[in-house]
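First the structure, in the form of C-alpha cells, and then the observations on it.
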Ligand code: NAD
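In this note's numbering, the protein residues as written are 4 to 490.
Pasting the structure below:
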C-alpha cells in the first residue's frame, strides 16, 4: 500500500494517525470517487488492534491536555483554524473528489465553516462560565471538567464539517479524541491530522483511525477508557453503538437521520416556498436536515407544483468541480441502488412520478418528486438520503401539523406562511430540533442543534457542546472556607 496518494494534486496520507505518528494496517480498503467511480487509493483498514492503540494514545495524552490552560488550548485551536484557512483550497478539492459534494460550496461555505468550528469553540471556551450563587452563605461554583478520551464517529455526507463540529468542542473542553471518519470519505480527516500537528497540538490529543465501522467500531465504542461517544450517522448504527456503549454506560451524543417536512400554506409567498423547496436537492439530497416531505395546502398545490417543476428543470446536474453545477453525484453505487429501490417500491405502491424517478447513470440520480403517496407508506416514513422528495396536500392547519409530526423522526421542520400568528401556533406544535420559518438552513453555532425522537439524543452547539464533552462539577464552599452548617 502506498503511504500517500495524490488527490486533486494534493498529497494525502492513507494511514492512521495514532499518538502523533502514522501507523499502517496489514489490510486496506479501496476509496473511490463518486464523480466517476475511479479508485483514489487504498486506505488503512483498522480493526480492534488499531482501536486499542488509538484509545491508549488518547488516554496517555489526556492528563497533559486537560491540564493545559484554557488560553493555550484556545490558541492552538485558532492555529488549527489558521491551518484550515491556509489549506482551504486543498481541503475543498480533496473533499469534493472524495464525497462528490459541490466544490463551490466546499470553497465558500463548508471549509470556512470548518475553520469557524475551531474559532467558535476556542472563543466560547474562554467565556464559558456560570455565575456563582449562594446557598445559606455558601458559594456554589460550577465548573466544566474535561471528561477524558472521546470517540467521534462521522458520516460521509459532510465529512470534515461534521467531524470538526465534534473535534473542536471536544478538544476545547480539554479532552483527547479518537476520530473515525466514514469509509466512503476518509481523506480530509487525514489532512486534519496533519494540520493539527502543524498547529502544535500535542501528540495523542487527536488520533484518526480509518476503516469499516463494522470492523473497528465495536472496539472503540465498548472501550472502558472512552468517556464520551459522539456519533453522527444512521439510526441502525446508532442503536448498535448505544448497545456497545451500554457496557460502560459511556455517555452518548447521537445526531441521526430525518424525514423533515416543508409546510407551505396558502398564504405563503409561493416564489419563496419554491426556492426553499428546490434547495432540498442540495448535496444530491444527502443532507440530514433536508425537508424531503412537501406538505402543501391543497388550494395552492397545483400552482406550487408547476413552479417547482419549472425551477427544478433549470438545475444543472453534473461534475461537482464545475462552477455551474447545482447537483453532483451520489456517494456510492450502493447508495444509488438504495435510492432507486425506494423510488421503485413507491411507484409500485401507486406513487406518481412528477419528475425524475430513475438513475441518470452509474453515479447520478435524477432529481425526483413523487406525489400520490400515502402517509403510512415507506417513501413518506423512511429517510431516502438522495434527491427524492414527496408532495402531499392538506386542507387545514390541524391536518398539516398532524402530517408533519407523523413520522418517527424529529430533526427539523420548515414552514412558509405569510401569517406570523399561524407561524407561532404551528411552530409550537411541531416536533423538531430546529424549525425554520420562511427560511431554510440558517445555522448558528450558538444555537442548540439536534433531533427529537429517532433523529437523535442530545444537542450540539455553544454551551450545550461543553455540557456534553465535560463532567460538570458544582463546588460548594462554606463561608470562610469552613462551616458546621450542614444540610
Ligand atoms: P452510517 O450509520 O452508515 O455510518 C456512519 C459512521 O458510523 C461511519 O463512520 C461508519 O463507518 C460508522 N459505523 C458503522 N458501523 C459502526 C459500528 N458498528 N460501530 C461504530 N461505528 C460504525 O451512516 P452514513 O450512511 O455514513 O450517514 C448517513 C446518515 O447520517 C443519514 O441517516 C443521515 O441523516 C445521518 N446524518 C445525520 C446528521 C445530523 O446531524 N443529524 C448529519 C449528517 C448525516
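All C-beta atoms in this analysis are idealised placements derived from N, C-alpha and C, irrespective of residue type, glycine included.
Can you give the Cα-Cα distance for residue i and residue j, rounded to whole angstroms?
{"i": "residue 315", "j": "residue 371", "result": "9 Å"}
{"i": "residue 490", "j": "residue 27", "result": "Reliability fails at residue 490, whose pLDDT of 46 lies under 50, so the model's placement of it is uncertain and the value that follows must be treated cautiously. Whole-angstrom Cα-Cα distance: 57 Å."}
{"i": "residue 452", "j": "residue 174", "result": "19 Å"}
{"i": "residue 544", "j": "residue 131", "result": "The displayed coordinates of the chain run from 4 to 490. Any statement about residue 544 would go beyond what the structure contains."}
{"i": "residue 2", "j": "residue 385", "result": "Outside the displayed range of the chain (4 to 490) lies residue 2, so it cannot be described from this structure."}
{"i": "residue 181", "j": "residue 197", "result": "15 Å"}
{"i": "residue 115", "j": "residue 89", "result": "11 Å"}
{"i": "residue 328", "j": "residue 418", "result": "27 Å"}
{"i": "residue 398", "j": "residue 300", "result": "6 Å"}
{"i": "residue 73", "j": "residue 466", "result": "15 Å"}
{"i": "residue 159", "j": "residue 424", "result": "39 Å"}
{"i": "residue 250", "j": "residue 225", "result": "6 Å"}
{"i": "residue 64", "j": "residue 321", "result": "45 Å"}
{"i": "residue 307", "j": "residue 394", "result": "10 Å"}
{"i": "residue 285", "j": "residue 68", "result": "39 Å"}
{"i": "residue 169", "j": "residue 311", "result": "36 Å"}
{"i": "residue 221", "j": "residue 459", "result": "20 Å"}
{"i": "residue 154", "j": "residue 183", "result": "8 Å"}
{"i": "residue 23", "j": "residue 437", "result": "38 Å"}
{"i": "residue 411", "j": "residue 335", "result": "26 Å"}
{"i": "residue 207", "j": "residue 305", "result": "58 Å"}
{"i": "residue 242", "j": "residue 156", "result": "14 Å"}
{"i": "residue 382", "j": "residue 376", "result": "8 Å"}
{"i": "residue 462", "j": "residue 256", "result": "7 Å"}
{"i": "residue 413", "j": "residue 435", "result": "4 Å"}
{"i": "residue 390", "j": "residue 281", "result": "10 Å"}
{"i": "residue 252", "j": "residue 227", "result": "9 Å"}
{"i": "residue 58", "j": "residue 177", "result": "16 Å"}
{"i": "residue 93", "j": "residue 85", "result": "14 Å"}
{"i": "residue 473", "j": "residue 48", "result": "31 Å"}
{"i": "residue 62", "j": "residue 38", "result": "39 Å"}
{"i": "residue 303", "j": "residue 357", "result": "16 Å"}
{"i": "residue 267", "j": "residue 99", "result": "33 Å"}
{"i": "residue 50", "j": "residue 29", "result": "10 Å"}
Quick check: does the Cβ of residue i come within less than 6 Å of any heavy atom belonging to the ligand NAD?
{"i": "residue 413", "result": "no"}
{"i": "residue 189", "result": "no"}
{"i": "residue 235", "result": "yes"}
{"i": "residue 23", "result": "no"}
{"i": "residue 258", "result": "yes"}
{"i": "residue 249", "result": "no"}
{"i": "residue 20", "result": "no"}
{"i": "residue 152", "result": "no"}
{"i": "residue 111", "result": "no"}
{"i": "residue 243", "result": "yes"}
{"i": "residue 159", "result": "yes"}
{"i": "residue 216", "result": "yes"}
{"i": "residue 240", "result": "yes"}
{"i": "residue 473", "result": "no"}
{"i": "residue 444", "result": "no"}
{"i": "residue 61", "result": "no"}
{"i": "residue 156", "result": "yes"}
{"i": "residue 220", "result": "yes"}
{"i": "residue 57", "result": "no"}
{"i": "residue 185", "result": "yes"}
{"i": "residue 388", "result": "yes"}
Between residue i and residue j, how many whole angstroms is the CB-CB distance? I'm expecting something under 8 Å.
{"i": "residue 444", "j": "residue 387", "result": "Actually they are not in contact, since the Cβ atoms of residue 444 and residue 387 sit about 19 Å apart, beyond 8 Å."}
{"i": "residue 194", "j": "residue 97", "result": "6 Å"}
{"i": "residue 339", "j": "residue 362", "result": "6 Å"}
{"i": "residue 454", "j": "residue 258", "result": "7 Å"}
{"i": "residue 475", "j": "residue 147", "result": "6 Å"}
{"i": "residue 54", "j": "residue 219", "result": "5 Å"}
{"i": "residue 107", "j": "residue 402", "result": "In fact, because the Cβ distance is near 39 Å, the residues do not count as touching under 8 Å."}
{"i": "residue 283", "j": "residue 294", "result": "5 Å"}
From the DSSP secondary-structure annotation, give me the bridge partner or partners of residue i.
{"i": "residue 32", "result": "46"}
{"i": "residue 477", "result": "145"}
{"i": "residue 396", "result": "299"}
{"i": "residue 320", "result": "330"}
{"i": "residue 358", "result": "372"}
{"i": "residue 8", "result": "15"}
{"i": "residue 152", "result": "179"}
{"i": "residue 210", "result": "181"}
{"i": "residue 188", "result": "According to DSSP, which records beta bridges pairwise, residue 188 is partnered with nothing at all."}
{"i": "residue 264", "result": "296"}
{"i": "residue 404", "result": "The partner list for residue 404 (beta bridge, DSSP) is empty, contrary to what the question assumes."}
{"i": "residue 416", "result": "438"}
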